[in-house]
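Chains as they are written, first to last, in my numbering: chain A, 1 to 267; chain B, 1001 to 1321.
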């Protein structure tokens, strides 16, 4: 890989940030990555039985932690967390507050449709006058990858997706984003919406001080606005089970290659 | 009905995902008795009339100051204008990084229900239902689109490309040129390598390879097979390989024809990203490795002994060919 442009050095923060900056971090609840995927109600609902719920990894490891780093570099930064969901999201948002963030908001809404969720966030963000809105690049349950771009359209704000690095210089952001077959560095003035992925920051574990502090941080519940859903889930289905592995002797890898060519017709 | 397919150019070229989207749009037009047209942004040396052989009737080609670099907001505004002009009802995108950053914008701007990651043609006999993969490939879901206008983002490597006859009518189209607020400062391309999401064959390595110095085995086999290279999360985490090669639940999800996993145990998060591969081959010295349960072919053995022999065997068949 050839570097044409110097990649901004992350972690070091020599940059002059805009002071009193407000960041909104979108937090979503997802099943743990090892959760067993099963469905109920005639395969129309995800079965939460025995499932451990976590903060969507892209929201936590990358977007929230990067926001916290920006606040560590400049304590005048305010971080607000927002989640759209039922009361069962509260343990997740408390965990996010234990990592960092000043205040959290939950919009009471049980809707799964991305459009309805995005409209709630957009409406909240509009009244909050945020300089930056961070989302994860997708949630690991419905894999919609839609919220950031939808909020961008609703608020007519610029949007950079799949960001792997983020730097601030005054009122300007320098963002490295993934593109097909490589990376691109782009710049945009705030306010800006960014969807975050691996590279933005390193995973953190909340410490005891954070966990204790999170208990008393404000968590406000807000009534949802009414929006018509654009989609609905018809049903779920699990992939068919594999027929079973065909084992080949380690002495005969050429037999494997023959099978791949003649039987699987894959090479 | 009137279908509009957004055809993505990658460095001015039509890539596999673009032909998949064209065919998907063309086949949906046949299914619903309508026409599929395409929209292309930016300069290209490609002959866009060839999209006719993939089911496209008209190609609307837009070139202006906003099409030179990618700003999702500006692109969305220009597409919305074309949709208005052509009274399109259904929009098709590729579910690539570009598609993911504009399709949801149009969903809001046009009040059109969106399904991203579609893997089949919609069912249109009763309502409009699109199948997509969810839970990072661990399950499927059928989604009803309830709005009059509809948007589908097609998952790469999920739809067959079939080339027929015909030539599309190419016309240049004017749109306004929205202000570009996200400016591209520089681009780094990993050249000479096969793109991971579009690759037919992927050769992937895990911790079983013991260190980055042993990756020659993976890259040599991949090169011989014309394959892309990938890795598991722990390998990317310790920087043996770059992050963009990480496949799995928190990396890239892929669905190649053939996936060869070397020294990867097959944790559930890894499987989630690769289990839509058509044929899976697992090389691992641990017979208890969970990956064998998800594999079609397997060798229980030491990668350092098995893979060089595989490389020799592939060289032999390539010579015969």
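The beta carbon of each residue, even a glycine, is placed where N, CA and C say it ideally should be.
If you draw a straight line from the C-alpha of residue i to the C-alpha of residue j, how long is it?
i	j	result
residue 1133(B)	residue 77(A)	38 Å
residue 189(A)	residue 1035(B)	41 Å
residue 10(A)	residue 97(A)	Bear in mind that the predicted position of residue 10(A) carries a pLDDT of just 49, short of 50, making it too unreliable to give a figure here.
residue 977(B)	residue 1062(B)	Chain B is shown from 1001 up to 1321; residue 977(B) falls before or after that span and cannot be answered.
residue 1170(B)	residue 1072(B)	24 Å
residue 243(A)	residue 1280(B)	12 Å
residue 1185(B)	residue 184(A)	7 Å
residue 1275(B)	residue 1312(B)	28 Å
residue 1223(B)	residue 1297(B)	21 Å
residue 1015(B)	residue 1069(B)	18 Å
residue 138(A)	residue 19(A)	30 Å
Checking 8 Å against the spacing of the C-beta atoms, do residue i and residue j come in under that value?
i	j	result
residue 1119(B)	residue 1202(B)	no
residue 1044(B)	residue 1012(B)	yes
residue 165(A)	residue 175(A)	yes
residue 1002(B)	residue 1084(B)	no
residue 1026(B)	residue 1054(B)	yes
residue 1310(B)	residue 253(A)	yes
residue 248(A)	residue 256(A)	yes
residue 1024(B)	residue 1092(B)	yes
residue 80(A)	residue 155(A)	no
residue 178(A)	residue 162(A)	yes
residue 1245(B)	residue 1229(B)	yes
residue 1225(B)	residue 1307(B)	no
residue 1305(B)	residue 250(A)	yes
residue 30(A)	residue 140(A)	yes
Using DSSP's beta-bridge definition, name the partner residues of residue i.
i	result
residue 106(A)	83(A) and 221(A)
residue 1298(B)	247(A) and 1282(B)
residue 1246(B)	1231(B)
residue 134(A)	25(A) and 194(A)
residue 1324(B)	Beyond the ends of chain B as shown, which are 1001 and 1321, falls residue 1324(B); an answer cannot be given.
residue 53(A)	31(A)
residue 167(A)	174(A)
residue 1041(B)	1062(B)
residue 236(A)	1141(B)
residue 1259(B)	1202(B) and 1280(B)
Does any residue of chain A have a CB that is nearer than 8 Å to the CB of residue i?
i	result
residue 1018(B)	no
residue 1013(B)	no
residue 1225(B)	yes
residue 1297(B)	yes
residue 1010(B)	yes
residue 1273(B)	no
residue 1104(B)	yes
Closer than 8 Å, CB to CB, is residue i near chain B or not?
i	result
residue 264(A)	yes
residue 118(A)	yes
residue 162(A)	yes
residue 223(A)	no
residue 257(A)	yes
residue 183(A)	yes
residue 236(A)	yes
residue 130(A)	no
residue 229(A)	yes
Could you tell me which of the options sits nearest to residue i, measuring between CA atoms?
i	options	result
residue 1029(B)	1064(B), 1260(B), 1089(B) and 1075(B)	1089(B)
residue 94(A)	252(A), 219(A) and 231(A)	219(A)
residue 1022(B)	1285(B), 1048(B) and 1135(B)	1048(B)
residue 235(A)	1066(B), 1139(B) and 1037(B)	1139(B)
residue 1039(B)	1296(B), 1275(B) and 1009(B)	1009(B)
residue 1066(B)	1197(B), 1317(B) and 1183(B)	1183(B)
residue 1291(B)	1115(B), 1232(B) and 1158(B)	1232(B)
residue 1095(B)	1257(B), 1261(B), 1245(B) and 1197(B)	1197(B)
residue 1289(B)	1269(B), 1314(B), 1263(B) and 1308(B)	1263(B)
residue 1074(B)	1176(B), 1204(B) and 1240(B)	1176(B)
residue 1155(B)	101(A), 143(A) and 122(A)	143(A)
Given that residue i touches chain D, what residues does it touch there, using C-beta distances under 7 Å?
i	result
residue 142(A)	Checking the listed chains, one finds no chain D in this structure; the protein chains it contains are A and B.
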